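Respectively, the protein sequence lines represent chains E and S.
Per our numbering, the very first residue in the first sequence carries number 104; after that it's consecutive.
Per our numbering, the very first residue in the second sequence carries number 103; after that it's consecutive.
We put the beta carbon where it would ideally sit given N, CA and C, even for glycine.
Here the structure is a predicted model, which means the values were calculated and not measured.
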Amino acid sequence: DAKTTQPPSMDCAEGRAANLPCNHSTISGNEYVYWYRQIHSQGPQYIIHGLKNNETNEMASLIITEDRKSSTLILPHATLRDTAVYYCIVSLLLTGANNLFFGTGTRLTVIP
Amino acid sequence: DAGVTQSPTHLIKTRGQQVTLRCSPKSGHDTVSWYQQALGQGPQFIFQYYEEEERQRGNFPDRFSGHQFPNYSSELNVNALLLGDSALYLCASSSEGIARRNEQFFGPGTRLTVL
Numbered sequence: 104d105a106k107t108t109q110p111p112s113m114d115c116a117e118g119r120a121a122n123l124p125c126n127h128s129t130i131s132g133n134e135y136v137y138w139y140r141q142i143h144s145q146g147p148q149y150i151i152h153g154l155k156n157n158e159t160n161e162m163a164s165l166i167i168t169e170d171r172k173s174s175t176l177i178l179p180h181a182t183l184r185d186t187a188v189y190y191c192i193v194s195l196l197l198t199g200a201n202n203l204f205f206g207t208g209t210r211l212t213v214i215p
Numbered sequence: 103d104a105g106v107t108q109s110p111t112h113l114i115k116t117r118g119q120q121v122t123l124r125c126s127p128k129s130g131h132d133t134v135s136w137y138q139q140a141l142g143q144g145p146q147f148i149f150q151y152y153e154e155e156e157r158q159r160g161n162f163p164d165r166f167s168g169h170q171f172p173n174y175s176s177e178l179n180v181n182a183l184l185l186g187d188s189a190l191y192l193c194a195s196s197s198e199g200i201a202r203r204n205e206q207f208f209g210p211g212t213r214l215t216v217l
């Protein structure tokens, strides 16, 4: 069962920052927050993951609250190609037999 | 680097038939996981293969089986197909022993339609 809660859909104007929230109030101390996205008719694509510190890479930033019960994925300058379903997943590190358990995600639509 | 490849791209079968889907992992990866994604839903974990053995399994019946070959490629077999098996089947690969970003790389999927 999914351990995260996300809004089903969001819109964002092209060029603006897209802020996607995720609640994970039952996260345990050794679980990470992963974000993947799935563009229509493609396989999911890794974006970023973090444990408790904020993380940034070439694609996005991940802000995790101090109590780790929620997080926000930030796409700093959304483009039309960022239109996709974004999945927030709580999981142990993907080593050994650990796997990803997806919920239904947030459908982000970037508007011209 | 070709990434994760899957074949075929699309497949149409009838109820009761059997199907085999194939996956080649990303170069350097030794672990393959399979997911089923029904329309409008997130991917659901089926099972994972490592060292040619099934290491973990999700909540799927025994009609779903798999295999991993010495070159790390994998097959997903589904017997006695049901209409509800219609879905996008995704393969994901990862590396067991290397400290990377701990990400799974997904293939484009195989769209299975059961009539």
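#### Entry: chain S contact residues for Gln145(E), given Cβ-Cβ distances below 7 Å
The residue labelled residue 145(E) in the question sits at position 42 within the first sequence. In chain order: Pro210.
### Query
Are there 16 or more other CB atoms within 10 angstroms of the CB of Asp185(E), so buried, or fewer, so exposed?
By 1-based counting over the first sequence, the position of residue 185(E) is 82. So Asp185(E) counts as buried.
### Within chain S, the residues that Leu203(E) reaches when beta carbons sit closer than 9 Å
Here residue 203(E) corresponds to residue number 100 of the first sequence, with the count starting at 1. Those are Ser135, Tyr137, Pro145, Phe147, Ala194, Gln206, listed as they occur along chain S.
### Task
Measure from the C-beta of Thr186(E) to each C-beta in chain S and report whether the shortest distance is under 8 Å.
For the purposes of this step, residue 186(E) is identified with residue 83 of the first sequence, where counting begins at 1. Not an interface residue.
### Meets three-Cβ-pair contact criterion under 8 Å: the region 149–159 of chain S and the region 167–174 of chain S
yes
### Message
the ligand MN and Ser197(S): does the residue's C-beta get closer than 7 Å to at least one heavy atom of that ligand?
### Response
The model on display carries no ligand, and the ligand MN is accordingly not part of it.
### Query
chain S beta carbons: is any one of them nearer than 8 Å to that of Gly132(E)?
Along the first sequence, one-based indexing puts residue 132(E) at 29. No, because no Cβ of chain S sits closer than 8 Å to the Cβ of Gly132(E).
### Message
On the CB-based measure, 16 or more other CB atoms within 10 Å of its CB, does Glu205(S) come out buried or exposed?
### Response
On the second sequence, residue 205(S) is found 103 positions in, with the first residue counted as 1. Buried, since its Cβ has 16 or more Cβ neighbours within 10 Å.
### Query
Buried or exposed: where does Thr107(E) fall if 16 or more other Cβ atoms within 10 Å of its Cβ makes it buried?
Residue mapping note: residue 107(E) aligns to position 4 of the first sequence, counting from 1. With 16 or more other Cβ atoms within 10 Å, it is buried.
### Task
Can you pull the chain S residues whose beta carbon is under 8 Å from the beta carbon of Gly206(E), in chain order?
Start at 1 with the first residue of the first sequence, and residue 206(E) comes out as number 103. Here the neighbours are Gly144.
### One or two residues paired with Arg124(S) in a DSSP bridge
For this step, residue 124(S) is matched to residue 22 along the second sequence. Its beta-bridge partners are Ser109(S), Glu177(S).
### Task
Give the DSSP-derived three-state secondary structure of Gly130(S) in the structure shown.
Counted from its first residue, the second sequence places residue 130(S) at position 28. Of the three classes helix, strand and coil, the one that applies to Gly130(S) here is coil, per DSSP.
### Cβ pair count under 8 Å reaching 3, the region 120–128 of chain E against the region 183–197 of chain S
no
### Best match in Phe166(S), Tyr174(S), Pro110(S), Glu198(S) for proximity to Tyr137(S) [C-alpha to C-alpha]
The residue you call residue 137(S) lines up with position 35 of the second sequence. Answer by Cα proximity: Phe166(S).
### Query
Nearest CA to the CA of Val188(E): which residue from Phe205(E), Val136(E), Ser174(E), Asn201(E)?
As a working mapping, residue 188(E) is identified with position 85 in the first sequence. Closest by alpha carbon: Phe205(E).
### Query
Which residues of chain S have a Cβ atom closer than 8 Å to the Cβ of Tyr149(E), listed in chain order?
Taking the first sequence and counting its residues from 1, the one referred to as residue 149(E) is at position 46. Under the 8 Å cutoff, chain S gives Arg203, Glu205, Gln206, Phe207.
### Query
Would Tyr190(E) count as contacting chain S if we go by Cβ distances under 8 Å?
By one-based count along the first sequence, residue 190(E) stands at place 87. It does: the Cβ of Tyr190(E) has a partner Cβ on chain S nearer than 8 Å.
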